[in-house]
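In the working numbering, the protein residues as written are 1 to 365.
Every residue, glycine too, gets a C-beta built ideally from N, C-alpha and C.
The structure displayed is predicted, hence computed values, not measured ones.
Taking it in order: structure first as structure tokens, then the write-up.
What follows is the structure in structure tokens.
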């Protein structure tokens, strides 16, 4: 069955089409544009783009652009290269950029289109689990800058988002699993029964997760509809990300095992659940349930107390902070978030040490 979800956001309707069957016909209207550009990476060009061709949804004169792969490539340099290509190929404000890819490509493509000629239309067809349940929803876009996650970006909604879970079967296992942490986060902040059902799944497969994907999209859309510009309530969606982003950025720069975004967020969820317990009296039960699935979601990874200063530097660059104070989204209870809680540096350090101990003892044990 196919579904269309609508949300009023930023004085624009957010249209999300959830397709259990590969029927794009009649769902993508590209004829109104003078030129259509399709942004792909090497993988989506080989495994996903042919489906759009077979469905006949693309105009005869489509212009394909191959974008970068890998988190280190989500930069202003990559955006500049895309702007140059769009300019050379004659893109106008009446053109459309169709982004076919994962979270990185969706973020980069949306950012590029949002600023090109002060805004050209774009559509997103997310092909990874992370992009389907998170990156493509809510209008956030951006690039990394000075090794800081999403430091440059803006809010702008796509014309529509088309979610087709069958694309997930084209993914390497590690890439597929990295999207589950965002779904776990949705459950913790908005639907604890959903979280418990998710951690109880005996196996994570595209087929088993399809109904959960739809629920995650509904959860995020409901939150972003209430607070589109992240003034208050939407900050709950940052749960797990203050520490998660620090781990991700540090691991990509320190010559260690580079964590994928979802893997870093999974560890961030555990650390910030611990912080929630210390600061707000959160029950330890959700953390215990999360630990049941973490070994399936996170590869071998560790850091030592000597890395603490470097990790804290990244935490202090977080967008949620105010002046020199660290602010995080924490939980009082499942489904009860404090969207902006001021956390002392000492407690953040202790959370990293707790996580380091877990990685070197409990997880390996």
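Answer yes or no: do residue i and residue j have a C-beta to C-beta separation smaller than 7 angstroms?
i: residue 133; j: residue 182; result: yes
i: residue 266; j: residue 297; result: yes
i: residue 368; j: residue 18; result: Because the chain here runs from 1 to 365, residue 368 falls outside it and cannot be looked at.
i: residue 39; j: residue 67; result: yes
i: residue 195; j: residue 153; result: no
i: residue 185; j: residue 138; result: no
i: residue 106; j: residue 135; result: yes
i: residue 125; j: residue 157; result: no
i: residue 290; j: residue 351; result: no
i: residue 216; j: residue 314; result: no
i: residue 176; j: residue 129; result: yes
i: residue 349; j: residue 308; result: yes
i: residue 259; j: residue 269; result: no
i: residue 108; j: residue 74; result: yes
i: residue 93; j: residue 120; result: yes
i: residue 95; j: residue 35; result: yes
i: residue 127; j: residue 101; result: yes
i: residue 192; j: residue 335; result: yes
By DSSP's criteria, residue i is part of a beta bridge. Which residues make up the other side?
i: residue 325; result: 322
i: residue 123; result: 98
i: residue 138; result: DSSP lists no partner for residue 138.
i: residue 143; result: 152
i: residue 333; result: 336
i: residue 298; result: Residue 298 is not bridged to any residue.
Return the first residue and the last residue of the alpha helix (DSSP H) that residue i is part of.
i: residue 50; result: 49-55
i: residue 265; result: 261-280
i: residue 199; result: 192-199
i: residue 173; result: 173-177
i: residue 314; result: 308-316
i: residue 252; result: 241-253
Exposed or buried, what is residue i when buried is set at 16 or more other beta-carbons lying within 10 Å of its beta-carbon?
i: residue 230; result: buried
i: residue 339; result: buried
i: residue 114; result: buried
i: residue 252; result: buried
i: residue 360; result: exposed
i: residue 77; result: exposed
i: residue 49; result: buried
i: residue 362; result: exposed
i: residue 89; result: exposed
i: residue 242; result: buried
i: residue 14; result: buried
i: residue 303; result: buried
i: residue 238; result: buried
i: residue 144; result: buried
i: residue 286; result: buried
i: residue 42; result: exposed
i: residue 1; result: Any reading at residue 1 needs caution, since the residue's pLDDT is 47, under 50, leaving its predicted position unreliable; the model's value is listed next. So residue 1 counts as exposed.
i: residue 44; result: buried
i: residue 131; result: buried
Could you please give the first and the last residue of the uninterrupted beta strand (DSSP E) stretch that includes residue i?
i: residue 339; result: 336-343
i: residue 217; result: First-last for residue 217: 206-226, but that is the alpha helix (DSSP H), not the beta strand (DSSP E).
i: residue 152; result: 148-155
i: residue 161; result: 161-163
Please determine whether the Cβ atom of residue i lies at a distance below 6 angstroms from any heavy atom of the ligand ZN.
i: residue 350; result: Ligands are entirely absent from the displayed structure, and the ligand ZN is therefore not among its contents.
Problem - Residue ranges of each beta strand (DSSP E) within the region 28-114, 3 or longer - result: Taking 3 residues as the minimum length, the beta strand (DSSP E) runs contained wholly in the region 28-114 are 36-40, 62-66, 96-101, in order along the chain.
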